[in-house]
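Numbering (full-length UniProt numbering), first residue to last: 1 to 642. The C-beta atom is built at its ideal place from N, Cα and C for all residues, glycine as well. These numbers were taken from a predicted model, which means no experiment stands behind them.
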Amino acid sequence: MRWRRWAPSAFPIPKGGFNQRGIDYYVERARGGTALIITGVTFVDNQVEKHAMPSVPCPTHNGIHFVRTARELTERIHSYDARIFLQMSAGGRVTIPTNLGDHPPVAPSPIPHRWLNKTCRALSKEEIRHIVRMFGIGAVNAKRAGFDGVEIHAVHEGYLLDQFAISFFNRRTDEYGGSLENRLRFAREVVEEIKERCGDDFPVALRYSVKSFIKDWREGGLPGETFDEKGRDVEEGIEAAKLLVSYGYDALDVDVGSYDAWWWSHPPMYMPKGLYIPYAKRVKETVDVPVICAGRMDNPDLALDALVSGACDIIGLGRPLLADLEYVNKLRAGKRELIRPCLSCHEGCMGRIQEYSSLGCAVNPAACREREARLTPALQPKKVMIIGGGVAGCEAARVLKLRGHEPVLYEKGDRLGGNLLAGGVPDFKEDDRALAAWYENVLRDLQVRIKLNTPVTADMVREENPDAVIVATGSIPKRIPLGDGNNTFTATEVLLGEKTAGERTVVVGGGLVGCELALWLAKKGKQVTLVEEMDELLAANGPLCHANSDMLKALIPHYGIKVLTSTKVIRATEKGVLVHADGEETEIEADTVVLAIGFDPDKTLYDELKHDFANIHRIGDSRRVANIMYAIWDAYEVASSL
């Protein structure tokens, strides 16, 4: 008998189910005390609306494989006395292009796709009925797999059922268009199909957006802005909520927004905490089913007040559970100071999904790879000298101590936090400040030796002769010569209060630091001009989640900040600064010029020591200037393998 050599493609990876990473992720949140887990989105149909596989689980694509893998998930979660719902969805005009592949996008009517320069194809009535059946079959498979219920995703955020529900998207003249009841017919048929197949005792929740905040195609409204709502307004939203409950939905998971205004649906740090509470309260006063409220609800006092005041019945935590899987257990045990904060930065979650179809967390490097990134005890404890108390140095110290090493952290200043101390100054960066405080608290709890106000020299390191050295000396703000004027400062100096910005300030550099600095100064009443050499703002930053970058770009003109792109600063003058654009030089009157043109790695100490120690590592900004996420991830990678 001859053995045949099989190519790897001869045994394709099963598609449509949960992989081990997904199972581990949810189980760890159950172990961390979460009472009800609602999974990430799964698409129910792969015939009318094809999706690139494998992107997310699909309960109807390969039912046997889905039930087999999901059953392991639900049984393990139930071991911790937690419950789990499967979230099921259809995408329509907002389907992410990487999931869509080459397949044509669909919608209720021929309308523009949210991301692609394409017009969506209108669904036929038979295709609608097919998708309804797929929701029913998906729910049956979810029930077989041990899920405690399902959440329909939804009349929310501009997904397919929401497109049918909103007249701006729905131009149909059949029974699925026109009146509010007709536009909600799709959502009604979905819940009726599930109830018929699974029984009335199988809970069906609905992710529901009370208001859309749509100014126009791909254009959203800002908080406090007056505009003509093109989507669903609150009054219609309340009426729709009553109808949806009457159709059979057992709970409403409330938010606001749409992908055309998706800084509402995926709120960045520029949005207030608890932004959905007023909308959840309006719904709660209207319906007699449980109301869930998420949306930057990570502040325990804020969340408790929402429950006590009757604004909602259940608190939803999404990104905070990415950041800290033990959030609930720590809160229950009275250790809230040890809860690792979410930054609402979207760098590790939505930004990576958007660019790489991959999920993680900026402040929690082990998120979504809990098994692979699990810390192991050190076989031989080492004395490790860490130079620099920014996020990279702090994370390295935390991980090393957890593994049994003996790290000693040296910081030349009087506080830990590094660039968080300056970056956290604006009012909308409170979670940056919280992250610095968290590192102080957790390192104290772990009894890590910390030496503040201790500049480190190469000779000091040689004299200590540690088993390993980690250099996390950060970065230095870039400067450019602008002449002899004494009114030119760096963003760091202004943010830390070492220098004062005048009433008329020119900010040089339209990256993330420059834009956030300009916004902060404008909110303080300063007259700000933002000068950027490239042809658009935030061009050199990335991958930034569009919810963050689009909102920041919209806030700049909203607060009256003048923007000059494709413009180069020449020199400071007695009146302000001279700039060059379109072949002409222009003088901008200003009291202060603030440089936000980036940072250079501080690698001086590393270069002095790199030939003296075999086990020496350079991490964070001192290796490559990036962002908080990569500084923390650098540190975790190095410290977890030392």
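Quick one: Cα of residue i to Cα of residue j, how far?
i           : j    : result
E538        : G511 : Looking at the sequence provided, one finds Leu at residue 538 rather than Glu. Each residue's alpha carbon lies about 4 Å from the other.
T473        : F428 : 26 Å
I152        : L184 : 13 Å
L206        : Y247 : 11 Å
residue 661 : S265 : Residue 661 lies beyond the residue range present for the chain, which begins at 1 and ends at 642; the question has no answer from this structure.
G502        : T492 : 15 Å
P365        : I632 : 7 Å
G17         : V469 : 44 Å
G390        : K524 : 28 Å
P426        : Q447 : 31 Å
S9          : I128 : Confidence is the limiting factor: at S9 the pLDDT is only 43, short of 50, which leaves the residue's position unreliable, though a coordinate-based value still follows. Roughly 35 Å between the two C-alpha positions.
E189        : L86  : 18 Å
R83         : E370 : 20 Å
N46         : I353 : 20 Å
W3          : I64  : No answer about W3 holds up, because its pLDDT of 40 lies below 50 and its placement is not dependable.
T226        : H558 : 11 Å
I292        : R144 : 25 Å
R403        : A280 : 44 Å
E219        : I77  : 40 Å
T173        : E196 : 28 Å
V44         : E126 : 16 Å
F599        : N117 : 37 Å
Of the residues the options, which one's Cα is nearest the Cα of residue i?
i           : options                : result
L521        : G316, V506, D535       : V506
K562        : C515, Y270, R183, P104 : C515
P320        : F18, L435, G136        : L435
A107        : T226, F169, L116, D81  : F169
K284        : L275, D305, G310, L304 : G310
D24         : L519, I64, E75         : E75
P272        : N299, R332, H546, K412 : N299
A70         : E49, P104, Y26         : Y26
A187        : E219, V132, F213       : V132
residue 674 : F66, G274, L544, L379  : Because the chain spans 1 through 642 in this model, residue 674 falls outside it and cannot be assessed.
M134        : Y327, E49, L452        : E49
V625        : L421, H546, N541, K330 : N541
I556        : C361, E589, V513       : V513
Y80         : P110, G178, R31, A251  : R31
In chain order, what residues of the same chain lie with their CB nearer than 6 Å to the CB of residue i, ignoring the 5 residues before and after it?
i    : result
L564 : V531
F489 : K499, V594
A639 : A396, V399, L400
Given a cut-off of 8 Å, decide if residue j and residue i are closer than it, judged by their beta-carbon atoms.
i    : j    : result
C198 : A241 : no
Y636 : S622 : no
V204 : G237 : no
K382 : H405 : yes
D445 : S344 : no
C58  : T42  : yes
G509 : I597 : yes
D255 : R114 : no
A392 : P407 : no
E536 : K568 : no
V150 : M88  : yes
P268 : G295 : no
Give the secondary structure of residue i by DSSP, where H, G and I count as helix, E and B as strand, and everything else as coil.
i    : result
V308 : helix
P557 : helix
Q527 : strand
W6   : Legend: pLDDT at W6 = 38, less than 50; position of this residue unreliable, no value from coordinates given.
S549 : helix
G220 : strand
T301 : With the sequence shown as reference, residue 301 is identified as Asp, and Thr is not the correct amino acid for it. DSSP places D301 in helix when its eight states are reduced to three.
Q354 : helix
M629 : helix
L435 : helix
I166 : coil
Tell me which same chain residues have a C-beta within less than 7 Å of the C-beta of residue i, skipping the five on either side of it?
i    : result
D216 : K230
N182 : E175, Y176
R29  : I37, L321, L325
D233 : K211
Can you find the residues in the same chain that come closer than 8 Å, C-beta to C-beta, to residue i, ignoring five residues on each side of it along the sequence?
i    : result
W288 : For clarity, residue 288 is Asp in the given sequence; the question names Trp instead. The residues are V245.
E235 : none
F147 : A70, T74, I84, F85, L86
I387 : G393, Y410, V456, V461, V469, I470, V471, A472, T473, L605
Is residue i close to chain C? Criterion is C-beta to C-beta, closer than 8 Å.
i    : result
L552 : Within the model displayed, chain C is absent; a lone protein chain is all it includes.
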